[in-house]
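K.L.:
Chains as they are written, first to last, in UniProt numbering: chain A, 1 to 555; chain B, 1 to 555.
1) Under 9 Å, CB to CB, which of the residues in the stretch 57-74 of chain B have a partner in chain A?
2) If contacts are defined as beta-carbon pairs under 8 Å, then residue 520 of chain A and residue 501 of chain A qualify, I think. What distance do you get, rounded to the angstrom?
3) Compile a chain-ordered list of the residues in the stretch 435-457 of chain A whose CB is closer than 9 Å to at least one CB of chain B.
4) For the putative contact between residue 507 of chain A and residue 488 of chain A, defined by C-beta atoms under 8 Å, what is the C-beta separation to the nearest angstrom?
5) Within 8 Å (strictly less), CB to CB, does residue 342 of chain A reach chain B?
6) Opposite residue 94 of chain B in the DSSP bridges: which residues?
7) Please go through the stretch 103-185 of chain A and give each complete beta strand (DSSP E) segment of 3 or more residues, from N-terminal end onward.
8) Give the DSSP-derived three-state secondary structure of residue 204 of chain A in the structure shown.
9) Between which two residues does the beta strand (DSSP E) containing residue 404 of chain B stretch?
10) Quick one: list the residues of chain A neighbouring residue 497 of chain B, beta-carbon separation under 9 Å, in chain order.
11) Report yes if the C-beta distance between residue 139 of chain A and residue 161 of chain A is below 8 Å; otherwise report no.
12) Measuring CB to CB, does residue 523 of chain A end up less than 8 Å from residue 548 of chain A?
13) Check the Cβ-Cβ distances between residue 214 of chain A and every residue of chain B, and say whether any is below 8 Å.
14) Classify residue 22 of chain B: buried if its beta carbon has 16 or more other beta carbons within 10 angstroms, exposed otherwise.
15) Run through the stretch 312-393 of chain A for me and flag every whole alpha helix (DSSP H) of 4 or more residues, listed as ranges in chain order.
16) Starting from residue 539 of chain B, follow the beta strand (DSSP E) in both directions and report where the run begins and ends.
17) Starting from residue 461 of chain A, find everything on chain B with Cβ-Cβ shorter than 8 Å and list it in chain order.
18) Taking only the alpha-carbon atoms, compute the straight-line gap between residue 239 of chain B and residue 274 of chain B and give it to the nearest angstrom.
19) Chain B beta carbons: is any one of them nearer than 8 Å to that of residue 175 of chain A?
20) Of the choices B/102, B/98 and B/94, whose alpha-carbon is the least far from that of residue 118 of chain B?
21) Are the stretch 123-140 of chain B and the stretch 172-182 of chain B touching by the rule of at least three beta carbon pairs closer than 8 Å?
22) Find the nearest neighbour of residue 257 of chain A within the set A/33, A/233 and A/221, judged by alpha-carbon distance.
23) Is residue 549 of chain B close to chain A, meaning its C-beta is less than 8 Å from at least one C-beta of that chain?
24) Are the beta-carbon atoms belonging to residue 172 of chain B and residue 369 of chain B less than 8 Å from one another?
25) Based on Cα-Cα distance, which residue from B/554, B/511 and B/230 lies nearest to residue 620 of chain B?
26) Mind checking if residue 41 of chain B is an interface residue toward chain A, Cβ cutoff 8 Å exclusive?
27) Could you check whether residue 393 of chain B and residue 90 of chain B sit closer than 8 Å to each other, using their CB atoms as the reference points?
28) Between the stretch 350-368 of chain B and chain A, which residues of the former have CB atoms less than 8 Å from a CB of the latter, in chain order?
29) Select from A/405, A/183, A/532 and A/295 the residue whose C-alpha is nearest the C-alpha of residue 241 of chain A.
30) If you count every other CB in all the chains shown that lies within 10 Å of the CB of residue 305 of chain B, and 16 or more means buried, which is it?
31) Taking DSSP's pairing of strands, which residues face residue 431 of chain B in a bridge?
32) Is it true that the CB of residue 190 of chain A sits closer than 8 Å to the CB of residue 384 of chain A?
33) Near residue 437 of chain B, which residues of its chain fall below 6 Å by C-beta distance, leaving aside the five closest residues on each side in sequence?
34) In the DSSP assignment, find the alpha helix (DSSP H) that holds residue 462 of chain B and state where it starts and stops.
35) At a CB distance below 7 Å, what residues from the stretch 499-516 of chain B approach chain A? Give them in sequence order.
36) Confirm the yes/no value for this check: CB of residue 39 of chain B, any heavy atom of the ligand ATP, distance under 7 Å.
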């Protein structure tokens, strides 16, 4: 009878109905397995926030069960929250060599390297826990050393694909482990969680190798320097740039902190194999003719402080864009970054560079599976139950429809939200309750000290600024003995609005007189009266609603 | 001799190196001709700004020469600044019937209709001015009644294409006036200014009619309500929805203020020809079965206050999205709006609607010419000189390259910036100086009262909030008699940061003591000391830089 009630719980703490902060809990009996621990970059209205991380209250409450965090690959949206989470929950960290290499750099910066138990795994490794075991399976993605994760339980296998694409000609020759997915599928996968990012795109994602062909075409005809901006984590892309450079007798320098870090780590670990003397220090670029130089740089998203943006605005210490430079932006805009990238492209063109970007040539391919690749994964794994993950609702919904088209019963597919609990038995799947989840804001050194009230205030301040009204009052008599003074910031250009500010002061004086007349002397009421009177006056005159901050000083 | 020095001046006041606020001056002898008068929507970092309009100082200085504003079509980025400019410069307004119809609605709202001289023109009309004349030439675009403008001067024709595409099967049957462009080309066009928006796209823009075919496919199989979101100004799109609705026996209701306005104006003027009893009031939709209803709505850009967004969040008074609704987003995201649109799509899916958008079906075509269409225009007009317009620098640059590929000499092509003056004689083109130009911010009722300092403050406030420090000091003795009080907004959640705020107060006290010890008593220096001490302390503790506003009250 006991066995009948056996169940696996699946609880996503992030990554559903959003892009970023991927983190999924698989819980079976005494084991909690955490897959990934990513950050999310803030939305536009999260003013001043640096990054967003998942709320892991549930894990802290159940920390004796947490066996570790198991990583699928080394992208920020899968590893970026780790330093913050480890400070709350020191558990073992499992990942492949490159993934842990990238994580180590991060932990060093946070002073956490010596206190963290890092366990390197490789594809087909199996980690045995108390009641379950965790297996890593080779996939392809836009970063090397990516894996899917299979959790073996007595009820069956829970398969999490991680982020993946299918690449029959990957740069490192390491093709996805079709055989193992098929083997699991044959044995029976109880439930699959699969990447939904590109479900809206028909067909197949092109092989990473096609980008190398474009590079070769460009490199063969360029007469000046070649500057390539791409994601620091895209090791295969970088390897292809190194190969094209070597073929055409060019030296390669690297710019941008994250690019320098990744190239160092990936070279040390053997994931990048530059030819002898191909890589040079950025300080040495002027010793070679322009047509013998390639610079690999950060800034493919137009980030204003990135190396490429600084080159474009002549703020880079080592590289200034000159006529004849060929700049390749080897990336797609992440939604929201279109305008930033466009700004950098315009600046580069203005400086006389040629600029090649996705609209003009095949200088980028996605790292995620399109529809036909997703179908292959479904057909290999043949899961009994299916949970689409890694996407906004539109993607999850369409991934569900894709599975149905492949013959799956809609009752066997569940679209989840962060914090929801799904319970899976041998022959059933159902939602059952929720756990605490949500977004924790990191702002400077503060983790979680900025909440919705602070953000609401920042938004209000950003729209119409603030008026501070100060008045000093004598405690005994209640008489105003200094002020009211009004100081504004971000509201109007004061010199051109002297009349307005003068009248505003009269409005406050009138409000204070009214308080006196009505014998209102508690501060809260006085402040409210000042605020109301000013708000009405200012809105009428300007149709704006600045924050109004009345301060009463008592002596 | 005098004639040798004859020249036409071309001065763009907006629309170059930006998307929006299109406005171009063509000046010949005693005539200033203004083409279009558009607004720009604010960039993300223009906090609190409603719209951006061009700086027309040059026109005001030369107002006796300004013969009028001549409109190419009725889109906001070409007409939206008119009410603000007319308040500074009351000149005649020329446009085709629909363009003026849309302008009238705008002027009514601003109370300007009775004081404005509106002159309706039609294609091939010629307006004779003192030394030049202005001709209107039929084009196609994503709004009906669009025209190019040819300025005839003794030196030759200056041709401004306006926004255009080539559509051999336009909905109203009115094909672009190829013959007139060819005729002008044969006579000799001195200079052409041409739309560069889609210069990065190879091939041709599809005909508007192809969208109608997609509508028919969708309408023929939909079982519930059909809700189509599109630009209110896209009359042809709306006409095609009306036609598909009529064909499949559906009634059409309209939602959203701008959609209601445009449909009313366009129907009145004969640009929309709905079948008998096809259009119904939105209040009547519940009298018909769901599969007999179409709703045309605003909100195709995901604007949070638009009708579609309100339907998606159940805040719309008349329409709530239900299971079985089919929503068509018949538009492309304008760069910067991707996330807003995605949010609405997710909400619609969550409510059980089917949603069809550009990624999934051909429910939109562009209104701008792609490369092959631009080539046709160049080949018809055969201008001696060429100025690419309507685009960011990347577009202008690539449009220049396109013209060179067609055989034009690069010296005959000039890429301009807003405010620059180009002088053209019979056989020369050169830049010669600049005029005042720039962006004027509209914020509520204020036009130009928010400048860069206010925006900088708003940005600062948005990032880390503000700390106001108030202290009351006795004038005679310089003694602190109340405070320091510190009030923060948008900085930290105060209840959880009591220690920090307490220590901050001590820092201010120490700074005040130091002032006393050093006999510093002028306010500016005292404020600077408070500010510096607090800034250093807060940055060390939080890595944040809130605005610090010290206020000293004197009694």
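The C-beta atom is built at its ideal place from N, Cα and C for all residues, glycine as well.
P.N.:
Judging by the given coordinates:
1) none
2) Between residue 501 of chain A and residue 520 of chain A the Cβ distance is about 25 Å, and since that is not below 8 Å, they are no contact.
3) The residues in question are 443, 444, 445, 446, 448, 449, 450, 451, 453, 454, 455, 456 and 457.
4) 14 Å between Cβ atoms; not a contact.
5) By this cut-off, residue 342 of chain A is an interface position.
6) B/70 and B/119
7) 118-120, 126-128, 133-138, 147-153 and 156-160
8) coil
9) Premise fails: residue 404 of chain B lies in the alpha helix (DSSP H), 393-405, not in any beta strand (DSSP E).
10) 446 and 449
11) Closer than 8 Å, so yes.
12) No, they are not a contact pair.
13) no
14) buried
15) 338-350 and 371-381
16) Careful: residue 539 of chain B lies outside any beta strand (DSSP E), inside the alpha helix (DSSP H) at 523-542.
17) Result: 458, 461, 462, 465, 466, 489 and 490.
18) 7 Å
19) no
20) B/94
21) yes
22) Closest option to residue 257 of chain A, Cα to Cα, is A/233.
23) yes
24) No Cβ-Cβ contact shorter than 8 Å links residue 172 of chain B with residue 369 of chain B.
25) Here chain B covers residues 1 to 555 and nothing more, so residue 620 of chain B does not appear.
26) By this cut-off, residue 41 of chain B is not an interface position.
27) no
28) 350, 355, 359 and 360
29) Ranked by Cα distance from residue 241 of chain A, the options A/405, A/183, A/532 and A/295 are led by A/295.
30) exposed
31) B/422
32) yes
33) 13, 55, 418 and 419
34) 452-464
35) Of all residues in the stretch 499-516 of chain B, none has a Cβ within less than 7 Å of some Cβ in chain A.
36) Among the components modelled here there is no ligand, and therefore nothing to report on the ligand ATP.
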